Amino acid sequence: MKKGFNILQAIIPQDRERAKENIQNVLLGKDIGKSEYTALKKDGTTFSVLIYSSLILKENKPVGLRGIIVDITQRKKAEERIINDLAEKKTLLRELYHRTKNNMQVISSMIRIESRRSDNKFIKDSFQEINNKIKSMSLVHQKLYQAKDLSKINLREYIEDLLKLLMQSYGIKANKVSSKLQLEDVFVLIDSAVPLGLVLNELISNVFKHAFSDDIEGEISIQLYKEENETINLIVADNGAGVSDKIDLENPNTMGLQTVISLIKYQLSGEVGYENGTGLKWHIKFKDNQHSRRV
9 MKKGFNILQA
19 IIPQDRERAK
29 ENIQNVLLGK
39 DIGKSEYTAL
49 KKDGTTFSVL
59 IYSSLILKEN
69 KPVGLRGIIV
79 DITQRKKAEE
89 RIINDLAEKK
99 TLLRELYHRT
109 KNNMQVISSM
119 IRIESRRSDN
129 KFIKDSFQEI
139 NNKIKSMSLV
149 HQKLYQAKDL
159 SKINLREYIE
169 DLLKLLMQSY
179 GIKANKVSSK
189 LQLEDVFVLI
199 DSAVPLGLVL
209 NELISNVFKH
219 AFSDDIEGEI
229 SIQLYKEENE
239 TINLIVADNG
249 AGVSDKIDLE
259 NPNTMGLQTV
269 ISLIKYQLSG
279 EVGYENGTGL
289 KWHIKFKDNQ
299 HSRRV
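Heads up: the sequence shown is residues 9 to 303, going by this note's numbering.
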């Protein structure tokens, strides 16, 4: 490159004002590092460049600039491919979550139709429990479809919506069972959200089914927070009748609670404890580090 070359001649007109400002900053002794511009070729076509500039001093006075121009055309093309691939991946994931949710809703509707054909209370109750489990999983995919980060869902939002869904399912009125929620914004991956949703479905459903008799009002409380060591704490409690001392909740004989214990210990690699007195209180602790991000 010949002496006295004006770099502005090699930059498209739209970038020249910004280039002038950067040149002035360098002449004032400011370190601006590298700058990206669109440059012109002799044939009028354009390409992307990075320019590194430094000050030329003569007798401690600035007399000009020296720099390096790097053609980054191939790098920009690679970046564009990555951005396009990521956008396509996100679109496909959203479609997957949306279709999964819709398919679960179809299954839920079929179960509800079959339930209406029977007058057997046990069968109806069993269908309802299965339906609620499907809805809890469907809700995970709905939240992922709506989320900006397709790898994670906000547990606070999920718990709020799941509680409303189950209250509606069991015909629980707000003036009969009130809710006290102390929930932080805690985000978990789908691999944790699905089993946790099933756990929450079982514990909340048990409160609505067993904690309060028909003529007694009560309260369900749910706490969610994360410790400094990234341990997630989830507490589900009620002020109902509690359970008999003869029942060993650490080794339950019901399928629902057996599933809860198994999901917490083996899928979430977590811990579970309980307090039985004035109502029943479950305390679950786990870390969301068993799986990798999807996006």
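Built from N, CA and C at the ideal position, the CB exists for glycine as well.
This one's a predicted model, so the numbers in the text were calculated from it and none came from an experiment.
- Where Ser146 and Leu170 are concerned, what is the direct C-alpha to C-alpha distance, given to the nearest angstrom? 10 Å
- Per DSSP, cross-strand counterpart(s) of Glu279: Lys293
- So is the beta-carbon of Leu65 under 7 Å away from any non-hydrogen atom of the ligand GDP? In the structure shown, the ligand GDP is absent, as is every other ligand, since no ligand is present at all.
- Query: Under 8 Å between the Cβ atoms of Glu168 and Lys151?
  - Reply: no
- For Leu73, write down the residues that DSSP places opposite it in a beta bridge. Leu63
- Item | Cα-Cα separation between Glu279 and Thr267, rounded to whole angstroms | 14 Å
- Message: Using only the alpha-carbon positions, how far apart do Lys85 and Val78 sit?
- Response: 15 Å
- Message: If you measure between the beta carbons of Asn247 and Ser144, is that distance less than 8 Å?
- Response: no
- Task: Specify the secondary structure class of Ala47 as computed by DSSP and reduced to three states.
- Result: strand
- Message: I need the straight-line Cα distance from Gln176 to Ile228, nearest angstrom please.
- Response: 15 Å
- Message: Measuring straight from C-alpha to C-alpha, what distance separates Ala245 and Leu191?
- Response: 14 Å
- Express the C-alpha separation of Leu173 and Ile272 in angstroms, rounding to a whole number. 22 Å
- Query: In angstroms, rounded to a whole number, what distance separates the CA positions of Leu101 and Leu158?
  - Reply: 7 Å
- Message: What would DSSP say about Asp79, mapped onto helix, strand or coil?
- Response: strand
- Message: So the candidates are Lys295, Val148 and Lys181; which of them puts its Cα closest to the Cα of Leu206?
- Response: Val148
- Message: Let me make sure I understand the geometry here. Which of Val196, Ile80 and Asn284 has the alpha-carbon closest to that of Ile59?
- Response: Ile80
- Across which residues does DSSP place Tyr233 in a beta bridge pair? Asn241
- Message: Can you check which of these residues, Lys188, Lys184, Leu232 and Ala219, is closest to Val196 by C-alpha distance?
- Response: Leu232
- Message: Just to confirm my understanding: we take Leu211, look at its own chain, exclude 5 residues before and 5 after, and list those with CB closer than 6 Å. What are they?
- Response: Val244 and Trp290
- Task: Under 8 Å Cβ to Cβ from Ile20, same chain only, skipping five residues before and after it: list those, please.
- Result: Tyr45, Thr46, Ala47, Leu48 and Thr54
- Query: Of the choices Asn30, Asp296, Asp127 and Asn128, whose alpha-carbon is the least far from that of Leu242?
  - Reply: Asp296
- Item | Those residues which DSSP pairs with Leu197 across a bridge | Lys160
- List the residues that DSSP assigns as beta-bridge partners of Gly285. Gly287
- Compute the Euclidean distance between the alpha carbons of Asp93 and Glu103, then round it to the nearest angstrom. 15 Å
- Message: With H, G and I counted as helix, E and B as strand and the rest as coil, what does DSSP make of Phe220?
- Response: coil
- Could you check where the alpha helix (DSSP H) with Lys151 kicks off and where it finishes? Lys129 to Gln154
- Task: Decide if Leu163 is buried, meaning its Cβ has at least 16 other Cβ atoms within 10 Å, or exposed.
- Result: buried
- Task: Could you pull the start and end residues of the beta strand (DSSP E) that Lys188 belongs to?
- Result: Val185 to Leu191
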